[in-house]
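Number of protein chains: 2
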Amino acid sequence: MDGYDKHAFEPFAVTVDLAVFTLRAGALHVLLVERGQEPYAGRWALPGGFVLPDESAESAARRELGEETALTDVSGLHLEQLRTYSEPGRDPRMRVVSVAFTALLPDAPEAQGGGDAAQARWTPYDSARDLAFDHDRILADARERVGAKLEYTCLATAFCPPEFTLGELRQVYETVWGTSLDRPNFRRKVLATPGFVEAVPGAARLTGGRGKPAALYRAGTAAALHPPLLRPTPEGRPA
Amino acid sequence: MDGYDKHAFEPFAVTVDLAVFTLRAGALHVLLVERGQEPYAGRWALPGGFVLPDESAESAARRELGEETALTDVSGLHLEQLRTYSEPGRDPRMRVVSVAFTALLPDAPEAQGGGDAAQARWTPYDSARDLAFDHDRILADARERVGAKLEYTCLATAFCPPEFTLGELRQVYETVWGTSLDRPNFRRKVLATPGFVEAVPGAARLTGGRGKPAALYRAGTAAALHPPLLRPTPEGRPA
DNA sequence: GCAAAAGTGTTGTCGATACACCCATGG
DNA sequence: CCATGGGTGTATCGACAACACTTTTGC
Numbered sequence: 001m002d003g004y005d006k007h008a009f010e011p012f013a014v015t016v017d018l019a020v021f022t023l024r025a026g027a028l029h030v031l032l033v034e035r036g037q038e039p040y041a042g043r044w045a046l047p048g049g050f051v052l053p054d055e056s057a058e059s060a061a062r063r064e065l066g067e068e069t070a071l072t073d074v075s076g077l078h079l080e081q082l083r084t085y086s087e088p089g090r091d092p093r094m095r096v097v098s099v100a101f102t103a104l105l106p107d108a109p110e111a112q113g114g115g116d117a118a119q120a121r122w123t124p125y126d127s128a129r130d131l132a133f134d135h136d137r138i139l140a141d142a143r144e145r146v147g148a149k150l151e152y153t154c155l156a157t158a159f160c161p162p163e164f165t166l167g168e169l170r171q172v173y174e175t176v177w178g179t180s181l182d183r184p185n186f187r188r189k190v191l192a193t194p195g196f197v198e199a200v201p202g203a204a205r206l207t208g209g210r211g212k213p214a215a216l217y218r219a220g221t222a223a224a225l226h227p228p229l230l231r232p233t234p235e236g237r238p239a
Numbered sequence: 001m002d003g004y005d006k007h008a009f010e011p012f013a014v015t016v017d018l019a020v021f022t023l024r025a026g027a028l029h030v031l032l033v034e035r036g037q038e039p040y041a042g043r044w045a046l047p048g049g050f051v052l053p054d055e056s057a058e059s060a061a062r063r064e065l066g067e068e069t070a071l072t073d074v075s076g077l078h079l080e081q082l083r084t085y086s087e088p089g090r091d092p093r094m095r096v097v098s099v100a101f102t103a104l105l106p107d108a109p110e111a112q113g114g115g116d117a118a119q120a121r122w123t124p125y126d127s128a129r130d131l132a133f134d135h136d137r138i139l140a141d142a143r144e145r146v147g148a149k150l151e152y153t154c155l156a157t158a159f160c161p162p163e164f165t166l167g168e169l170r171q172v173y174e175t176v177w178g179t180s181l182d183r184p185n186f187r188r189k190v191l192a193t194p195g196f197v198e199a200v201p202g203a204a205r206l207t208g209g210r211g212k213p214a215a216l217y218r219a220g221t222a223a224a225l226h227p228p229l230l231r232p233t234p235e236g237r238p239a
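Sequence lines, in order, name chains A and B. Here the first sequence is numbered in my numbering, starting from 1 and rising by one per residue. Here the second sequence is numbered in my numbering, starting from 1 and rising by one per residue.
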């Protein structure tokens with residue numbers, strides 16, 4: 001941290017990039033914007049923007065999230081730093097260091113694109129390819145992090161509306177992990193974890209048109225998940 | 001990511017800060033440098049420095065690590081991004097965004113301080129307080145991350161020399177977590193995890209001056225630890 | 001009544017814990 | 001021969017996976 005007086009630093013632009021996930025129609029979707037200008041004009045990219053002089057990267061990310069999703073209350077949403085991408089060549093024009101964030105939303109409003117972007121759209125994760133800059137890699141890193149975080153945190157509730165059924169919560173895991181989970185065991189596991197969910201007394205909702213109405217739950221206060229909810233290893237465990 | 005043409009960005013200085021940990025005499029130590037200039041002259045701080053125009057933050061961190069520790073081969077050491085600190089007021093003079101890294105070293109050489117710093121020293125973690133800038137918080141974040149990562153990664157071997165005994169590996173866990181682990185069970189757990197360690201055939205070393213010589217092991221190739229090695233919960237589990 | 005989804009019970013298996021015990025070495 | 005640390009065996013307990021079963025709704 002020495003060297004200030006030598007002016008031994010070079011100016012960098014600092015931006016934020018957002019990997020905003022939601023679940024729509026049983027598939028993981030990510031919010032993408034279409035670039036209006038060069039470089040990469042016409043290509044899809046993660047939403048983001050410059051960090052302003054008087055705000056932190058976290059503030060910038062939350063501001064951009066509000067602009068791109070047109071959500072009224074963006075203050076309570078889950079927003080988490082992923083990592084920082086700083087390779088010299090990642091922007092063809094200048095030195096840009098980008099702090100990437102991951103955000104999780106319950107099934108989201110369709111209308112977005114209030115920002116500078118030409119257009120914004122929810123895209124199925126599997127279709128999100130050939131993005132601008134190094135956003136393919138950022139998106140892949142974010143996706144991996146989300147899958148891993150479901151194992152040992154209570155993050156899954158961030159994909160759910162304020163009140164949800166255990167079946168919906170289970171579908172979050174099944175969708176993100178691409179596996180199927182045993183319903184009774186999942187239920188016991190979640191309820192046995194203090195602070196994961198809390199019951200809404202007396203409330204129930206019909207989920208599939210048929211069947212017994214399911215009890216409703218709210219997200220609890222716990223952040224960690226002890227013991228973790230490990231995703232089933234298909235057979236041999238990965239090295 | 002639009003707005004380039006509007007020059008709607010402000011120049012930032014980008015630095016790296018390093019939380020370099022090692023184990024010495026059964027205690028977790030961190031590498032600190034004494035600042036020679038204002039601000040915070042005379043205060044201890046995490047080592048770090050500016051990111052140069054043609055290098056990534058990772059390269060800068062590895063370069064600084066080599067300068068501060070005077071290690072000859074710094075290429076194979078474990079270096080990992082922690083997070084980025086970007087609060088506007090964190091440097092009193094200018095806008096500095098810092099990418100923090102965590103590094104783990106086996107018992108390290110005493111001599112350091114080849115860089116710009118006035119002095120460098122290994123300090124017990126518990127004595128590292130009142131650091132310059134927001135380094136108290138960075139250090140606390142790094143410490144928490146290291147403790148958590150021991151649970152579900154093979155990271156503990158990064159604290160050990162190239163060849164080590166299972167007793168030494170167990171002491172890593174016990175020191176970082178502040179708990180004691182059952183020796184036989186720890187041994188089985190580690191050996192049952194494929195790729196965690198691999199035996200050095202025929203090699204053995206006396207550890208405490210007395211006792212049976214312990215077999216030697218090398219770090220394996222696995223990165224993750226399935227299933228995790230959970231740190232014992234003293235009693236009630238944390239929320 | 002039948003299908004579908006929520007919720008409850010039960011059982012077997014596997015892993016972890018908590019020990020007791022043996023082995024090798026230095027003093 | 002004793003203290004010290006490495007290494008092995010084993011019984012018990014608890015968690016979890018698998019699956020059968022009951023309950024409540026719409027059609």
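Don't be surprised by glycine CBs; every beta carbon is placed ideally from N, CA and C.
In the three-state reduction of the DSSP assignment, residue 180 of chain B falls in the coil class, being assigned neither a helical nor a strand state. A distance below 7 angstroms between beta-carbons, with the five flanking residues on each side excluded, links residue 74 of chain A to the following residues of its chain, in chain order: 62, 65 and 66. Note that the C-beta distance between residue 77 of chain A and residue 158 of chain A is below 9 angstroms. For residue 30 of chain B, no chain A residue has a C-beta closer than 8 angstroms to its own C-beta; the minimum C-beta separation is roughly 15 angstroms. Shown here, residue 95 of chain A sits in coil according to DSSP, grouped into three states, outside any helix or strand. Look at residue 83 of chain A: its C-beta is under 9 angstroms from a C-beta on chain B. Assigned with DSSP and collapsed to three states, residue 147 of chain A falls in helix.
The beta carbon of residue 226 of chain A falls within 9 angstroms of a beta carbon belonging to chain B, placing the residue at that interface. Residue-level contact check: residue 86 of chain B touches chain A, since one or more beta carbons of chain A fall below 9 angstroms from its beta carbon. Under a criterion of Cβ atoms nearer than 9 angstroms, the residues of chain A adjacent to residue 230 of chain B are, in order, 226, 227 and 228. Against chain B, the beta carbon of residue 95 of chain A has neighbours under 8 angstroms at 53, listed in chain order.
Close to residue 57 of chain A, with beta-carbon spacing below 8 angstroms, are these residues of chain B in chain order: 84, 86 and 97. For residue 83 of chain A, the enclosing beta strand (DSSP E) stretches over residues 78-85. One finds nothing in chain A with a Cβ atom closer than 8 angstroms to the Cβ of residue 92 of chain B; even the nearest lies about 11 angstroms away. Listed along chain B, no residue sits closer than 8 angstroms to residue 21 of chain A by beta-carbon distance, the nearest being about 19 angstroms off. Burial is judged here by how many other beta carbons sit within 10 angstroms of a residue's own beta carbon; residue 163 of chain B has fewer than 16 and is exposed. According to the DSSP assignment, residue 193 of chain B belongs to no beta strand (DSSP E), since it is labelled neither H nor E. Chain A places a beta carbon closer than 9 angstroms to that of residue 152 of chain B, counting this residue as a contact. A residue is called buried when at least 16 other Cβ atoms come within 10 angstroms of its Cβ; residue 183 of chain B does not meet this threshold and is exposed. At least one CB of chain A lies nearer than 9 angstroms to the CB of residue 13 of chain B.
Residue 166 of chain A and residue 223 of chain B have their C-alpha atoms spaced approximately 33 angstroms apart. Close CB contacts of residue 98 of chain B within its chain, under the 6 angstroms cut and outside five residues either way in sequence, are with 15, 17 and 85 (chain order). Of the other Cβ atoms in all chains shown, fewer than 16 fall within 10 Å of the Cβ of residue 127 of chain A; this residue is therefore exposed.
The Cβ-Cβ distance between residue 29 of chain B and residue 123 of chain B falls below 9 angstroms. The region 145-160 of chain B makes contact with the region 209-229 of chain B: 3 or more CB pairs, one atom from each, lie closer than 8 angstroms. For residue 33 of chain A, the beta-bridge partners assigned by DSSP are A:45 and A:120. Within the same chain, and ignoring the five residues on either side of residue 95 of chain B in sequence, the residues whose Cβ sits closer than 6 angstroms to its Cβ are 12. CA-CA distance, residue 34 of chain A to residue 212 of chain A, rounds to 43 angstroms. Of the candidates B:216, B:90 and B:51, the residue whose Cα lies closest to the Cα of residue 57 of chain A is B:90.
Exclusion of the five residues before and after residue 180 of chain A leaves 174 as the residues of its chain whose Cβ lies within less than 6 angstroms of its Cβ.
In the DSSP assignment, residue 128 of chain B falls outside any alpha helix (DSSP H), carrying neither H nor E. Boundaries of the alpha helix (DSSP H) harbouring residue 69 of chain B: 57-69, taken from the DSSP string. A Cβ-Cβ separation of about 13 angstroms leaves residue 170 of chain A out of contact with residue 196 of chain A under the 8 angstroms criterion.
Residue 137 of chain B and residue 225 of chain A have their C-alpha atoms spaced approximately 24 angstroms apart. Residue 106 of chain B is positioned such that its CB atom lies no closer than 9 angstroms to that of residue 221 of chain B.
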